[in-house]
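Per this note's numbering, the sequence shown starts with residue 9, numbered consecutively.
Note that beta-carbon positions come from the ideal geometry of N, C-alpha and C, so glycine has one too.
Bear in mind the structure is a predicted one, so any value in this text is a computation, not a measurement.
Notes follow the structure.
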Amino acid sequence: MRERRFRPFFFTQFLGAFNDNVFKTALITLVTFRAGQLTDLDGKMLATLLPGLFILPFFLFSATSGQIADKFEKSAVARAVKVFEICIMLLAAWGFLVNLLWPLVTALFLMGVHSTLFGPVKYAYLPQQLKKDELIGGNGMIEMGTFVAILLGEVLGAWLATAPQGGVLTSAMIVGIAVLGYWMSRGIPLSPAADPQLKINWNPLTETWRSIAFARNNRVVWLSILGISWFWFYGATVLAQFPNYTREVLGGDESVFILLLTVFSFGIGSGSLLCERLSGNKVEIGLVPFGAIGLTLFGVDLHFASNAVTVAMTASPLDYRDFISVAAHWRVLADITLIGLFGGFYIVPMYALIQTRSEKSHQSRVIAANNIINALFMVISAIVSMLLFKLGLSIPQLFLATALFTAVVAIYIYSLVPEFLMRFIIWLLIHGGYRLKKEGIENIPEEGPALIACNHVSFVDALVIAAACPRPIRFIMDHRIFKIPILNFVFREGRAIPIAPAKEDPQMLERAYEEVAKALAEGDLVGIFPEGGITQTGEIMPFKSGITRILERSPVPVVPMALRGLWRSFFSRKDGSAMTHLERFKPFRGIGLRVGKAMTPESVSPESLRISIVALRGAAK
Numbered sequence: 009m010r011e012r013r014f015r016p017f018f019f020t021q022f023l024g025a026f027n028d029n030v031f032k033t034a035l036i037t038l039v040t041f042r043a044g045q046l047t048d049l050d051g052k053m054l055a056t057l058l059p060g061l062f063i064l065p066f067f068l069f070s071a072t073s074g075q076i077a078d079k080f081e082k083s084a085v086a087r088a089v090k091v092f093e094i095c096i097m098l099l100a101a102w103g104f105l106v107n108l109l110w111p112l113v114t115a116l117f118l119m120g121v122h123s124t125l126f127g128p129v130k131y132a133y134l135p136q137q138l139k140k141d142e143l144i145g146g147n148g149m150i151e152m153g154t155f156v157a158i159l160l161g162e163v164l165g166a167w168l169a170t171a172p173q174g175g176v177l178t179s180a181m182i183v184g185i186a187v188l189g190y191w192m193s194r195g196i197p198l199s200p201a202a203d204p205q206l207k208i209n210w211n212p213l214t215e216t217w218r219s220i221a222f223a224r225n226n227r228v229v230w231l232s233i234l235g236i237s238w239f240w241f242y243g244a245t246v247l248a249q250f251p252n253y254t255r256e257v258l259g260g261d262e263s264v265f266i267l268l269l270t271v272f273s274f275g276i277g278s279g280s281l282l283c284e285r286l287s288g289n290k291v292e293i294g295l296v297p298f299g300a301i302g303l304t305l306f307g308v309d310l311h312f313a314s315n316a317v318t319v320a321m322t323a324s325p326l327d328y329r330d331f332i333s334v335a336a337h338w339r340v341l342a343d344i345t346l347i348g349l350f351g352g353f354y355i356v357p358m359y360a361l362i363q364t365r366s367e368k369s370h371q372s373r374v375i376a377a378n379n380i381i382n383a384l385f386m387v388i389s390a391i392v393s394m395l396l397f398k399l400g401l402s403i404p405q406l407f408l409a410t411a412l413f414t415a416v417v418a419i420y421i422y423s424l425v426p427e428f429l430m431r432f433i434i435w436l437l438i439h440g441g442y443r444l445k446k447e448g449i450e451n452i453p454e455e456g457p458a459l460i461a462c463n464h465v466s467f468v469d470a471l472v473i474a475a476a477c478p479r480p481i482r483f484i485m486d487h488r489i490f491k492i493p494i495l496n497f498v499f500r501e502g503r504a505i506p507i508a509p510a511k512e513d514p515q516m517l518e519r520a521y522e523e524v525a526k527a528l529a530e531g532d533l534v535g536i537f538p539e540g541g542i543t544q545t546g547e548i549m550p551f552k553s554g555i556t557r558i559l560e561r562s563p564v565p566v567v568p569m570a571l572r573g574l575w576r577s578f579f580s581r582k583d584g585s586a587m588t589h590l591e592r593f594k595p596f597r598g599i600g601l602r603v604g605k606a607m608t609p610e611s612v613s614p615e616s617l618r619i620s621i622v623a624l625r626g627a628a629k
């Protein structure tokens with residue numbers, strides 16, 4: 009937050025989201041409670057239509073905004089958008105001051121355009137300015153800031169609309185925030201255009217389909233977009249019902265409604281920030297299934313907690329003080345907080361994955377496609393909610409249905425891309441069982457082929473290394489370890505390469521060498537345990553000649569690494585067979601992984617590589 013490459017941008021987007029919600033909430037509050045001052049139209053109808061008017065530009069202009077963000081330098085685009093915001097807020101201020109509806113409605117639509125233009129810039133800027141190990145934390149801060157801004161904007165907007173001289177106060181506030189946002193944008197550092205030669209297609213319909221096509225070219229990116237959009241469906245469904253849920257189910261007043269928004273936003277912010285710690289400063293998509301599980305479980309529990317509250321509901325509305333004095337209500341607050349928390353776990357890694365795996369030249373257009381699909385899912389959310397209410401479902405039952413839908417969607421996505429589930433299993437096994445200390449991870453090449461060579465201490469060595477490495481690794485492993493139940497799923501989906509001794513299965517051995525050569529030619533990382541088996545003594549055994557054979561065919565850098573602290577673990581062969589000494593199963597055992605500098609293929613021999621790894625390990629086994 010202290011660095012210039014992040015701080016001005018963070019506050020620029022924070023103030024933009026804040027102003028969006030101050031203005032939008034003030035307008036909706038005004039037409040709901042004081043519609044007669046502005047129009048003869050029905051206030052409830054206007055309050056229903058206005059949010060849709062704000063979302064409409066996401067459908068119309070997201071594709072165009074993605075092109076603009078790819079073609080032009082991003083700090084200049086951000087400043088231009090902020091100038092546009094000032095103009096919009098001047099129009100809105102005039103509407104508030106003279107009590108005219110049409111300039112306010114026009115300004116609301118244009119603020120939707122403003123958000124549409126800034127969205128692709130926001131998520132394409134971060135991977136340009138942040139290092140890979142900062143990306144999760146950066147996205148977490150952005151998500152936290154956005155939801156805090158939404159909350160504060162809604163609270164302030166509602167207060168301004170009902171305050172004496174509300175028109176004057178609201179006008180001054182929205183223009184002031186816009187000017188402050190522009191001032192912050194002037195500090196954003198230069199961010200070069202991804203595709204300066206791009207010829208912009210101004211037809212929104214054709215370009216929308218093109219943007220979606222760009223995203224669909226990468227299966228993992230496309231399914232991540234669908235996963236993110238499902239969260240917007242989930243969030244839109246829940247948040248849209250909060251006012252009626254507060255009044256009809258919880259028996260609360262406006263202060264209880266604000267309390268629910270507060271704990272939800274706190275949960276989202278906390279989950280987004282915790283992602284950095286739980287992921288180990290890398291794009292850890294294993295947190296996504298973890299988030300989906302939480303969204304399902306606590307969504308289901310919110311249904312049962314709500315039913316319990318309904319039984320004990322009082323006749324008169326409760327303010328927030330009376331509400332929190334009832335013990336049964338704490339369960340509701342806990343469920344809403346945890347839904348937000350696990351929502352952060354769910355979406356932040358997927359945003360980071362889109363940023364890292366989409367083509368740099370099309371990155372903003374992929375983000376634009378994400379915004380389009382998000383908007384579509386929010387509209388579908390409203391339609392589905394209305395249909396379910398017509399079928400007789402209550403609000404708690406709607407929450408239950410949405411939570412169960414989440415489980416179905418998650419299972420479907422993970423069946424199509426098992427990588428999500430595989431990473432979750434790895435994350436759960438390692439971070440749930442060990443405290444992993446990493447040293448020298450930066451020595452692993454960010455791109456291109458390389459051999460990863462490590463000592464072999466236990467049956468989970470490959471999982472530990474996979475959990476620590478920022479890139480996927482294709483491990484060469486004994487076919488017997490490859491076939492272990494449960495772990496087999498992880499190894500198979502991680503494209504591990506089973507190998508057997510020549511005397512046991514010479515054909516499998518040759519297939520393994522062919523697959524290794526193919527993987528390195530494609531630019532992958534390949535992991536090898538040069539000892540050829542798990543140590544029986546805790547000492548690093550002599551290295552086999554297989555590494556030499558691989559390098560003769562594929563001369564790539566070799567990265568030595570050493571595992572420490574696993575010799576006395578449940579999965580090692582200390583004192584006999586592994587996984588038989590239950591007394592050695594100690595959760596959160598401290599282990600370490602040291603990574604040395606890459607060695608040139610010419611300098612590598614079995615003995616020289618062993619000396620390097622022995623030195624890295626040191627005395628600790």
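Exposure of residue i, with buried meaning 16 or more beta-carbon neighbours within 10 Å
{"i": "R443", "result": "exposed"}
{"i": "V106", "result": "exposed"}
{"i": "Q137", "result": "buried"}
{"i": "G60", "result": "exposed"}
{"i": "L399", "result": "exposed"}
{"i": "W238", "result": "buried"}
{"i": "Q544", "result": "exposed"}
{"i": "E530", "result": "exposed"}
{"i": "N252", "result": "exposed"}
{"i": "E81", "result": "exposed"}
{"i": "N147", "result": "buried"}
{"i": "P297", "result": "buried"}
Option nearest residue i by Cα separation, candidates the options
{"i": "I301", "options": "V106, G148, G189 and F350", "result": "F350"}
{"i": "P453", "options": "R581, P568, G541 and L258", "result": "P568"}
{"i": "A409", "options": "A520, S393 and K398", "result": "S393"}
{"i": "F104", "options": "I96, F66 and G174", "result": "G174"}
{"i": "L116", "options": "Q136, C95 and A132", "result": "C95"}
{"i": "S562", "options": "L459, S199 and V113", "result": "L459"}
{"i": "A628", "options": "F578, L571, P614 and I182", "result": "L571"}
{"i": "A132", "options": "V163, T245 and S199", "result": "S199"}
{"i": "L305", "options": "A411, V113, K207 and F353", "result": "A411"}
{"i": "N463", "options": "G546, L143, D203 and L517", "result": "G546"}
{"i": "V612", "options": "A623, L601, R602 and E560", "result": "E560"}
{"i": "E93", "options": "P16, G153, I185 and G165", "result": "I185"}
{"i": "A157", "options": "I536, L23, V340 and M607", "result": "L23"}
{"i": "S553", "options": "A520, I542, Q544 and P538", "result": "P538"}
{"i": "I182", "options": "S83, L234, D28 and L617", "result": "D28"}
{"i": "I208", "options": "K79, K445 and C477", "result": "K79"}
{"i": "F490", "options": "V564, T214, R503 and A180", "result": "R503"}
Spatial neighbours of residue i in its chain, beta-carbon cut-off 6 Å, leaving aside the 5 residues before and after
{"i": "W240", "result": "N382, F385 and M386"}
{"i": "S219", "result": "A71, G74, R373, A376 and A377"}
{"i": "V319", "result": "Here V319 scores only 46 on pLDDT, less than 50, and its place in the model is too uncertain to base an answer on."}
{"i": "V8", "result": "There is simply no residue 8 to check, as the chain begins at 9 and stops at 629 in what is shown."}
DSSP three-state assignment for residue i, whether helix, strand or coil
{"i": "K629", "result": "coil"}
{"i": "L401", "result": "coil"}
{"i": "S580", "result": "strand"}
{"i": "G60", "result": "helix"}
{"i": "A570", "result": "strand"}
{"i": "G654", "result": "Nothing about residue 654 can be reported from this structure: the residues present for the chain run from 9 to 629 only."}
{"i": "F483", "result": "strand"}
{"i": "I293", "result": "coil"}
{"i": "R443", "result": "strand"}
{"i": "I276", "result": "helix"}
{"i": "A461", "result": "strand"}
{"i": "V612", "result": "coil"}
{"i": "P128", "result": "helix"}
{"i": "M149", "result": "helix"}
{"i": "L559", "result": "helix"}
Nonlocal neighbours in the same chain, by C-beta distance under 7 Å from residue i, ignoring five residues either side
{"i": "F67", "result": "I380 and A383"}
{"i": "G260", "result": "T254, P325, L326 and F331"}
{"i": "R224", "result": "W230"}
{"i": "Y242", "result": "L303, T410 and T414"}
Beta-carbon proximity list for residue i, same chain, < 8 Å, skipping 5 on both sides
{"i": "V425", "result": "R227, V228 and L231"}
{"i": "T20", "result": "A86, K90, G189, M192, S193 and I196"}
{"i": "E256", "result": "I403"}
Which full runs of the alpha helix (DSSP H) of 4+ residues lie inside the region 157-208, going along the chain?
174-193
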